[in-house]
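Shown next, in the form of structure tokens:
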């Protein structure tokens, strides 16, 4: 791990369902930590139909110090960008890689 490459401060968020008081629930995003990250790959862009509309989908890998709690469905916030975590994997005992996507309509 080369610490100097992890030079982006990102926030990790988990989707949490809370009761809405009427027998249902609402979804809120809860911060689970602010960590240093390295954006490993430039975004790979594709254009496809998503929910009946044309959208661009960017996929990129974000490397952070090892965390075992990050899961699919979380999201990564960096500035105004919001990336959905699609997959995670461990490079070694010190790093976790988050495979993320950004869908824009």
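Residue numbers (my numbering): 5 to 109. Beta carbons: idealized from backbone N, C-alpha and C, even for Gly.
Judged by DSSP in its simplified three-state form, residue 77 adopts coil rather than helix or strand.
Straight through space, the alpha carbons of residue 36 and residue 26 are spaced by roughly 27 Å. Pairing residue 103 with residue 91 gives a Cβ-Cβ distance under 8 Å. If the five residues before and after residue 100 are omitted, its C-beta is found closer than 7 Å to the C-beta atoms of 68, 70, 71, 74, 92, 94, all from its own chain and listed in chain order. Per DSSP, residue 72 lies in no beta strand (DSSP E) and is assigned neither H nor E.
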